[in-house]
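Engineer: Using the working numbering, you'd call the opening residue of the sequence shown number 1 and step up by one each time. The C-beta atom is built at its ideal place from N, Cα and C for all residues, glycine as well. Let me begin by handing over the structure; questions about it come next.
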Amino acid sequence: MADARARHVAIIMDGNGRWAKKRHLPRAMGHRKGVEAVRALVRSLQSIELECLTLYAFSSENWKRPEEEVDDLMDLMRRFIKSDLPEFLEHDVRLKIIGDWQSLEPDIVEMLEDALRRTADGTRTLAVALNYGGQAEIVAAARAAAEAGDITERSLANHLYTADLPPLDLLIRTSGEVRLSNFLLWQSAYAEMLFTDVLWPDFTPDHLRDALDHFSGRERRFGGR
Ligand code: FPP
Numbered sequence: 001m002a003d004a005r006a007r008h009v010a011i012i013m014d015g016n017g018r019w020a021k022k023r024h025l026p027r028a029m030g031h032r033k034g035v036e037a038v039r040a041l042v043r044s045l046q047s048i049e050l051e052c053l054t055l056y057a058f059s060s061e062n063w064k065r066p067e068e069e070v071d072d073l074m075d076l077m078r079r080f081i082k083s084d085l086p087e088f089l090e091h092d093v094r095l096k097i098i099g100d101w102q103s104l105e106p107d108i109v110e111m112l113e114d115a116l117r118r119t120a121d122g123t124r125t126l127a128v129a130l131n132y133g134g135q136a137e138i139v140a141a142a143r144a145a146a147e148a149g150d151i152t153e154r155s156l157a158n159h160l161y162t163a164d165l166p167p168l169d170l171l172i173r174t175s176g177e178v179r180l181s182n183f184l185l186w187q188s189a190y191a192e193m194l195f196t197d198v199l200w201p202d203f204t205p206d207h208l209r210d211a212l213d214h215f216s217g218r219e220r221r222f223g224g225r
């Protein structure tokens, strides 16, 4: 194989609640620790050769959670953007948001727009999925492709949120659950999948490095032989 190095990894960050429960802590603490795991991973991008890391932070289904938890997750997002933006800039990280994020609270939208503008020149991408649903993404892309009169795989892919990102190589889900939960459905067509029992707050840059090593030792066939 010429080059099996992964360019784009996506992660379904699962298990914050169970991490907290195991420690008799409130769920909010699990999410807080989850953000710390995100921060460590973003920092590690300096030493990990990866063009894009996509994280599932809030799905379009997550609105069904109790209001208090939703508010808590939104607050964590606000604080994360505020506190970590300088580091993004320092480490050449471009922030990208995928999903229907423009319908979030106006102050978050404003904050995100500012962060997107300021990090636009970064050379590696941190894509955060916010209010994201894979089926809705495909429907919107199919509609746009139909309007353009070009309903082909290529045209549809060009209308997805991820059109400007490298193809997805590896999808990781933590916490032992084995399902996609409406994440990057189209993009996962040829991706390798890695399901690990590690709960998200315990996931470290070394886990990501191990996953990448494993990936590069794996042969992918794209349906051929
Ligand atoms: C799943 O754990 C996790 C989420 C629904 C949210 C993920 C969010 C974060 C890690 C923090 C915010 C992210 C950023 C980028 C600032 P769960 O609550 O479903 O865990 P459980 O299945 O064990 O209950």
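To which residues of the same chain is N16 closer than 8 angstroms at the C-beta, ignoring the five residues directly before and after it?
Structural biologist: Within the sequence shown, numbered from 1, the residue matching residue 16 stands at position 16. So the qualifying residues of the chain are R27, G30, H31, K33, G34, L199, W200, P201.
Engineer: Could you pull the start and end residues of the alpha helix (DSSP H) that A145 belongs to?
Structural biologist: Here the question's residue 145 lines up with position 145 in the sequence shown. That run of the alpha helix (DSSP H) goes 134 to 147.
Engineer: For the putative contact between V93 and L126, defined by C-beta atoms under 8 angstroms, what is the C-beta separation to the nearest angstrom?
Structural biologist: As a working mapping, residue 93 is identified with position 93 in the sequence shown. As a working mapping, residue 126 is identified with position 126 in the sequence shown. The pair is a contact, with the Cβ atoms about 5 angstroms apart (cut-off 8 angstroms).
Engineer: Inspect the CB distances between the stretch 8 to 24 and the stretch 165 to 177 and report whether three or more fall short of 8 angstroms.
Structural biologist: Touching, per the Cβ criterion.
Engineer: So, with DSSP's three-state summary, where would you put H159?
Structural biologist: Numbered from its first residue, the sequence shown carries residue 159 at position 159. Residue state, collapsed to three classes: coil.
Engineer: Within 10 Å of its beta-carbon, does M193 have 16 or more other beta-carbons around it, so buried, or fewer, so exposed?
Structural biologist: Here residue 193 refers to the residue found at position 193 of the sequence shown. Exposed is the call here.
Engineer: In whole angstroms, give me the CA-to-CA distance for A40 and E51.
Structural biologist: To locate residue 40, count along the sequence shown from 1; it is residue 40. To locate residue 51, count along the sequence shown from 1; it is residue 51. Cα-Cα distance, rounded: 17 angstroms.
Engineer: With respect to 7 angstroms, is the separation between the Cβ of M77 and the closest non-hydrogen atom of ligand 1 below this value?
Structural biologist: Here residue 77 is taken as the residue at index 77 of the sequence shown, counted from 1. Answer for M77: yes, Cβ within range of ligand 1.
Engineer: For ligand 1, I want to know if H159 counts as a neighbour, meaning its beta carbon is within less than 7 angstroms of at least one of the ligand's heavy atoms.
Structural biologist: Looking up residue 159 in the sequence shown gives position 159. H159: no, Cβ never under 7 angstroms from ligand 1.
Engineer: Taking only three categories from DSSP, how would you classify A6?
Structural biologist: In the sequence shown, counting from the first residue as 1, residue 6 sits at position 6. Coil.
Engineer: Flag N62 as yes when its Cβ comes closer than 7 angstroms to any non-hydrogen atom of ligand 1, and as no otherwise.
Structural biologist: Translated into positions along the sequence shown, residue 62 becomes position 62. N62: yes, Cβ under 7 angstroms from ligand 1.
Engineer: If we ignore side chains and look at the alpha-carbon of each, how far apart do H8 and I172 end up?
Structural biologist: Sequence index remark: in the sequence shown, residue 8 carries index 8 (1-based). Sequence index remark: in the sequence shown, residue 172 carries index 172 (1-based). Going from the Cα of H8 to the Cα of I172 covers about 11 angstroms.
Engineer: Please report the straight-line C-alpha distance between M1 and S216, rounded to a whole angstrom.
Structural biologist: Stepping through the sequence shown from its first residue, residue 1 is reached at position 1. Stepping through the sequence shown from its first residue, residue 216 is reached at position 216. A caution first: M1 carries a pLDDT of 43, below 50, which makes its placement in the model unreliable, though a value can still be read off. Taking the straight line from one Cα to the other gives about 10 angstroms.
Engineer: When DSSP builds the beta bridges, which residues end up paired with R78?
Structural biologist: Within the sequence shown, numbered from 1, the residue matching residue 78 stands at position 78. Answer by DSSP bridge pairing: none, since R78 is not bridged.
Engineer: Three Cβ pairs or more, each shorter than 8 angstroms: is that satisfied between the stretch 93 to 108 and the stretch 128 to 144?
Structural biologist: The answer is yes - the stretch 128 to 144 touches the stretch 93 to 108, with three or more Cβ pairs under 8 angstroms.
Engineer: Can you tell which of A140, F80, L165 has the C-alpha that lies nearest to the C-alpha of L156?
Structural biologist: Here residue 156 refers to the residue found at position 156 when the sequence shown is read from its first residue. Comparing Cα-Cα distances from L156 to each of A140, F80, L165, the minimum goes to A140.
Engineer: For Y190, does the count of other Cβ atoms within 10 angstroms reach 16, so buried, or fall short, so exposed?
Structural biologist: As a first step, residue 190 must be located in the sequence shown, where it is residue number 190. Label assigned to Y190: exposed.
Engineer: Are the Cβ atoms of G134 and L212 separated by less than 8 angstroms?
Structural biologist: Taking the first residue of the sequence shown as 1, we reach residue 134 at position 134. Taking the first residue of the sequence shown as 1, we reach residue 212 at position 212. No, these two residues do not count as a Cβ contact at 8 angstroms.
Engineer: Kindly indicate which three-state DSSP category I172 falls into: helix, strand or coil?
Structural biologist: Along the sequence shown, one-based indexing puts residue 172 at 172. I172: strand per DSSP, three-state reduction.
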